[in-house]
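Visitor: Under the UniProt record's numbering, residues 1 to 547 are what the sequence shown spells out, in order. Please find one structure pasted underneath; my questions will follow.
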Amino acid sequence: MTASHTIPAPPFAGPHGETMSPSRVVQTTHAPVQGLDVDGISTYRGIRYAAPPVGELRFRPPTDPERTTRVQECLGFGPPAMQGIDGAWLSPDSDFALSRMTYASSASDVKLQNEDCLYLNVWTPGADDARRPVLVWLHGGGFAYGAGSDAFFDGENLARRGDIVVVTLNHRLNLFGFMALDGVDDHYADSSNVGMQDVVHALRWVHDNIASFGGDPANVTVGGQSGGGGKVSHLMGMPSAKGLYQRAIVQSGAALRGMEHGDMVDHTRAILRAAGMGDTFDRNWLESVPATHLLHAAIGSFRSQDPEHEARFKTVKGMTGDLAARLRTAVDGNVLPAHPFDPEASSVAADVPLLIGWVKDEWTFMLAGVDPDFVRSTAEDVEAGVAPMYDGRGRELLELAKGLYPHYSPGHLASLVSGAEISLHTTLLADRKSAQPADVFAYELAWETPVGDGIFRTPHCLDLPLVFDNVEKARAFVGPGDEPQRMADQMSDAWVAFIRSGSPGTPALPSWPAYEREARNTMVFDLDSRVVSDPHGALHEVLRNAE
């Protein structure tokens, strides 16, 4: 129940001229909380939704925080989860990388990483009784990196634009969230996939508390991009999450399968050996060893297992050397009983409508991190680099890509081939989900950012500031002029429509039919958006035969 008073204070100007004042105090199930009203949007940052997962609670399922009657000042984001920041995937010499980092507040908060990370953030047009639709957003970074404080998905503008409530959150990542200790010691029998158990705990908090923030607990959409999309994919196969959300959004992160539990147990044992645990399992040691020691041991262990290679244009499968590739949700028979979309869609979320898609040039972001000069690659370099991909069918894909995009440079064609699995898995997930009763809507973002003379075209993450209507916070990424805002107007309104009703159609877009496996109708977002049947279908057919 929402408190009926506000702590008196005169409005004051924020750092960018915004009008700010203390928000209403909201009584949650565990504590009264107070944030800030910013230009008419009430923002509560850093609300604790679970007890600190430290000491005896390290690697254990989340538990409720202690109750208190003291008002909690929720003015700043909670700490990001522990995570290894390895610059190999994002070159600090890249202008694009620097611009991306500049606008990712989670990156600037690296020094604040902490195991005590189970916090969430709420943006709402009013802590009242309006029962607005709710978006719960899961950050990207695989299952190993990132935070809910990234400025690209700051919820203020979307909450205002759509009259909705936006929630972002942090949860345990990498080894702290996904080691399979349940396969190592009986004390941890319930401790599989605790990072995803954190997400479910946050969804339960939303269910129990969001009405006090003006939200409707019976109208919740869970969404995510990249690794966040993978988390949403897995949630759709998790019985513990059933009923806690009514719609789902997966952006550039379709995950058909989880890890095999046996593989995760092997990774867990390797991490423990690298960290110094002997042949006898020592729970006291595991509860007290410094988090940074465990993290560095995991990174070192995985690197030592990887063979040396010189492949310049890596496939998704080729990126096995970091925490994100080795540590994620495992099929444990309990938290995730089976692969969520392989060989078919789990029945757990059969009644949940899905909005799913990708961006046209996903892999330019990754290639720029490995080699900022990838776009200057010669045709000979590209042919040699892609030849071994996809069981030797890389050159066949390259020829198809040339036909689809004859104006692309060899480097851009290499990017298209290298990232083709992302759009393939998106299509496969949509195919399987569309066999169930709930509607599926598919999209591709094709509009290209002019940043860097267009070198990145339509890179991974470009959809984020457009969907969240955060163009002005991301000018170094989306570029100048009015085109980015025109794209944001289309996409954010479509997302709001889906969050409200389960259909993303708006008057500004062509008629957007539900996805059917035969036609694979897909909304292609551009300055003049259009519906296309099975974009990249020829590429996908080759990939299906190569898998």
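Even for Gly, the Cβ is constructed at its ideal location relative to N, Cα and C. Since this is a predicted model, take the numbers as computed values, not measurements.
Quick one: using the 10 Å Cβ neighbour count with 16 as the cut-off for buried, is aspartate 482 buried or exposed?
Guide: For this step, residue 482 is matched to residue 482 along the sequence shown. Answer is exposed; the Cβ neighbour count stays below 16.
Visitor: For aspartate 198 versus proline 80, is the C-beta distance shorter than 7 angstroms?
Guide: Your numbering for residue 198 matches position 198 in the sequence shown. Your numbering for residue 80 matches position 80 in the sequence shown. Result no, Cβ atoms of aspartate 198 and proline 80 do not sit closer than 7 angstroms.
Visitor: If distances are taken between C-alpha atoms only, which option among Thr43, Gly227, Gln72 and Ser212 comes closest to residue 592?
Guide: Past the boundaries of the shown model lies residue 592; the chain is included only from 1 to 547, so the question cannot be answered.
Visitor: If I measure Cβ to Cβ from proline 353 and keep anything under 6 angstroms in the same chain, skipping five residues before and after, which residues do I get?
Guide: Stepping through the sequence shown from its first residue, residue 353 is reached at position 353. The answer, listed in chain order, is Arg247, Ala438, Asp439 and Gly502.
Visitor: In its own chain, which residues sit with a C-beta less than 7 angstroms from the C-beta of histidine 355, not counting the 5 before and 5 after it?
Guide: On the sequence shown, residue 355 is found 355 positions in, with the first residue counted as 1. With the sequence shown as reference, residue 355 is identified as leucine, and histidine is not the correct amino acid for it. These residues qualify, in order along the chain: Ile249, Phe441, Phe498 and Pro504.
Visitor: My assumption, with CB atoms under 8 angstroms, is that leucine 181 sits in contact with glycine 195. Please give the rounded CB distance.
Guide: As a first step, residue 181 is located in the sequence shown; it is residue number 181 there, counting from the start. As a first step, residue 195 is located in the sequence shown; it is residue number 195 there, counting from the start. The pair is not a contact, with the Cβ atoms about 13 angstroms apart (cut-off 8 angstroms).
Visitor: Counting Cβ pairs, one atom from each stretch, are 3 or more of them under 8 angstroms apart for the region 127-142 and the region 204-222?
Guide: They touch, by the three-pair rule.
Visitor: Could you tell me whether the Cβ atoms of glutamate 444 and glycine 357 are closer together than 7 angstroms?
Guide: Indexing the sequence shown from 1 puts residue 444 at position 444. Indexing the sequence shown from 1 puts residue 357 at position 357. In contact: glutamate 444 and glycine 357 (Cβ atoms closer than 7 angstroms).
Visitor: Confirm, please, whether the CB-CB distance from histidine 187 to glycine 58 is below 7 angstroms.
Guide: In the sequence shown, counting from the first residue as 1, residue 58 sits at position 58. In the sequence shown, counting from the first residue as 1, residue 187 sits at position 187. A small fix is needed here, since residue 58 is arginine in this sequence, not glycine. The answer is no: Cβ separation not under 7 angstroms.
Visitor: Roughly how many angstroms separate the alpha carbons of glycine 508 and aspartate 332, rounded to a whole number?
Guide: Counting from 1 along the sequence shown, the entry for residue 508 is found at position 508. Counting from 1 along the sequence shown, the entry for residue 332 is found at position 332. According to the sequence as given, residue 508 is alanine; it is not glycine. Cα to Cα, alanine 508 sits roughly 45 angstroms from aspartate 332.
Visitor: Name the DSSP beta bridge partners of isoleucine 249, please?
Guide: The count along the sequence shown starts at 1 and reaches residue 249 at position 249. Partner(s): Gly223 and Leu355.
Visitor: Below 6 angstroms CB to CB, which residues in the same chain sit around glutamate 156 once its five sequence neighbours on both sides are set aside?
Guide: Start at 1 with the first residue of the sequence shown, and residue 156 comes out as number 156. The residues are Ile41 and Trp123.
Visitor: Can you tell me which of Ser423, Ala349 and Trp512 puts its alpha carbon nearest to the alpha carbon of histidine 234?
Guide: Taking the first residue of the sequence shown as 1, we reach residue 234 at position 234. The shortest C-alpha separation from histidine 234 is found at Ala349.
Visitor: Short check: CB of valine 417 to CB of leucine 404, under 7 angstroms?
Guide: The residue given as residue 417 occupies position 417 in the sequence shown. The residue given as residue 404 occupies position 404 in the sequence shown. No, the Cβ-Cβ distance between valine 417 and leucine 404 is not below 7 angstroms.
Visitor: Just the Cα atoms here: how many angstroms apart are tyrosine 390 and leucine 527?
Guide: Translated into the one-based positions of the sequence shown, residue 390 becomes position 390. Translated into the one-based positions of the sequence shown, residue 527 becomes position 527. C-alpha separation (whole angstroms): 33 angstroms.
Visitor: With a floor of 4 residues, list each alpha helix (DSSP H) that falls wholly inside the region 422-485, ordered by position along the chain.
Guide: Fully enclosed alpha helix (DSSP H) runs of 4 or longer: 463-467 and 475-478.
Visitor: How should histidine 407 be labelled, buried or exposed, when 16 other C-beta atoms within 10 angstroms of its C-beta is the threshold for buried?
Guide: Counting from 1 along the sequence shown, the entry for residue 407 is found at position 407. Exposed.
Visitor: With 16 other CB atoms within 10 Å as the buried threshold, where does glycine 162 fall?
Guide: Numbered from its first residue, the sequence shown carries residue 162 at position 162. That one is buried.
Visitor: Could you tell me the distance, in whole angstroms, from the CA atom of leucine 169 to the CA atom of valine 200?
Guide: Looking up residue 169 in the sequence shown gives position 169. Looking up residue 200 in the sequence shown gives position 200. Straight-line Cα distance between these residues: approximately 11 angstroms.
Visitor: Do alanine 275 and leucine 294 have their beta-carbon atoms positioned less than 7 angstroms apart in this structure?
Guide: Counted from its first residue, the sequence shown places residue 294 at position 294. Counted from its first residue, the sequence shown places residue 275 at position 275. In this structure, alanine 275 lies closer than 7 angstroms to leucine 294 by Cβ.
Visitor: Within 10 Å of its beta-carbon, does threonine 68 have 16 or more other beta-carbons around it, so buried, or fewer, so exposed?
Guide: Locating residue 68 in the sequence shown gives position 68, where the first residue counts as 1. Counting Cβ neighbours within 10 Å, threonine 68 comes out exposed, since fewer than 16 surround it.
Visitor: Would you list the one or two residues that DSSP bridges to tyrosine 330?
Guide: As a position in the sequence shown, residue 330 is number 330, starting the count at 1. Correcting the residue identity first, residue 330 is alanine in this sequence and not tyrosine. According to DSSP, alanine 330 bridges with Met259.
Visitor: Can you find the residues in the same chain that come closer than 6 angstroms, C-beta to C-beta, to arginine 48, ignoring five residues on each side of it along the sequence?
Guide: Translated into the one-based positions of the sequence shown, residue 48 becomes position 48. Around arginine 48: Pro65 and Tyr119.
Visitor: With leucine 416 as the anchor, note down where its alpha helix (DSSP H) starts and where it stops.
Guide: In the sequence shown, counting from the first residue as 1, residue 416 sits at position 416. Residues 410-418.
Visitor: How is the beta strand (DSSP E) around glutamine 34 delimited, first residue to last?
Guide: Here residue 34 refers to the residue found at position 34 when the sequence shown is read from its first residue. Counting along the chain, the beta strand (DSSP E) containing glutamine 34 begins and ends at 32-34.
Visitor: Classify aspartate 431 as buried or exposed, calling it buried when 16 or more other Cβ atoms lie within 10 Å of its own Cβ.
Guide: What you label residue 431 is simply residue 431 of the sequence shown in a count that begins at 1. When all chains shown are included, aspartate 431 counts as buried.
Visitor: Once DSSP output is grouped into helix, strand and coil, what is the label at methionine 487?
Guide: The residue you call residue 487 lines up with position 487 of the sequence shown. Note: methionine 487 maps to helix in three-state DSSP.
Visitor: How would you label serine 511, buried or exposed, when you count the other beta carbons within 10 angstroms and need 16 or more for buried?
Guide: Counted from its first residue, the sequence shown places residue 511 at position 511. Serine 511 is exposed by the Cβ-count criterion.
Visitor: Quick check: is any heavy atom of the ligand ATP less than 6 angstroms from the C-beta of aspartate 64?
Guide: You won't find the ligand ATP in this model; it holds no ligand whatsoever.
Visitor: Is it buried or exposed, threonine 292, if we count other Cβ atoms within 10 angstroms and call 16 or more buried?
Guide: As a working note, residue 292 is residue 292 in the sequence shown. Threonine 292 is exposed by the Cβ-count criterion.
Visitor: List the whole-angstrom C-beta distance separating phenylalanine 77 from leucine 464, where the pair is believed to meet the contact cut-off of C-beta under 8 angstroms.
Guide: Counting from one through the sequence shown, the residue named residue 77 turns up at place 77. Counting from one through the sequence shown, the residue named residue 464 turns up at place 464. Not confirmed; about 17 angstroms, so no contact.
Visitor: Can you give me the start and stop residues for the alpha helix (DSSP H) that glycine 195 sits inside?
Guide: If you number the sequence shown from 1, residue 195 lands on position 195. 194-209 is the extent of the alpha helix (DSSP H) around glycine 195.
Visitor: With a threshold of 16 other CB atoms inside 10 Å of the CB of asparagine 121, please say whether the residue is buried or exposed.
Guide: As a working note, residue 121 is residue 121 in the sequence shown. Asparagine 121 comes out buried.
Visitor: If contacts are defined as beta-carbon pairs under 8 angstroms, then glycine 419 and serine 377 qualify, I think. What distance do you get, rounded to the angstrom?
Guide: Here residue 419 is taken as the residue at index 419 of the sequence shown, counted from 1. Here residue 377 is taken as the residue at index 377 of the sequence shown, counted from 1. Contact doesn't hold; Cβ gap of about 15 angstroms is too wide.
Visitor: Given this structure, state the Cα-to-Cα distance separating glycine 262 from valine 71, to the nearest angstrom.
Guide: To locate residue 262, count along the sequence shown from 1; it is residue 262. To locate residue 71, count along the sequence shown from 1; it is residue 71. Each residue's alpha carbon lies about 45 angstroms from the other.
Visitor: For valine 166, count neighbouring C-beta atoms within 10 Å of its own C-beta (all shown protein chains included) and say buried if the count is 16 or more, exposed if not.
Guide: Within the sequence shown, numbered from 1, the residue matching residue 166 stands at position 166. Valine 166 is buried by the Cβ-count criterion.
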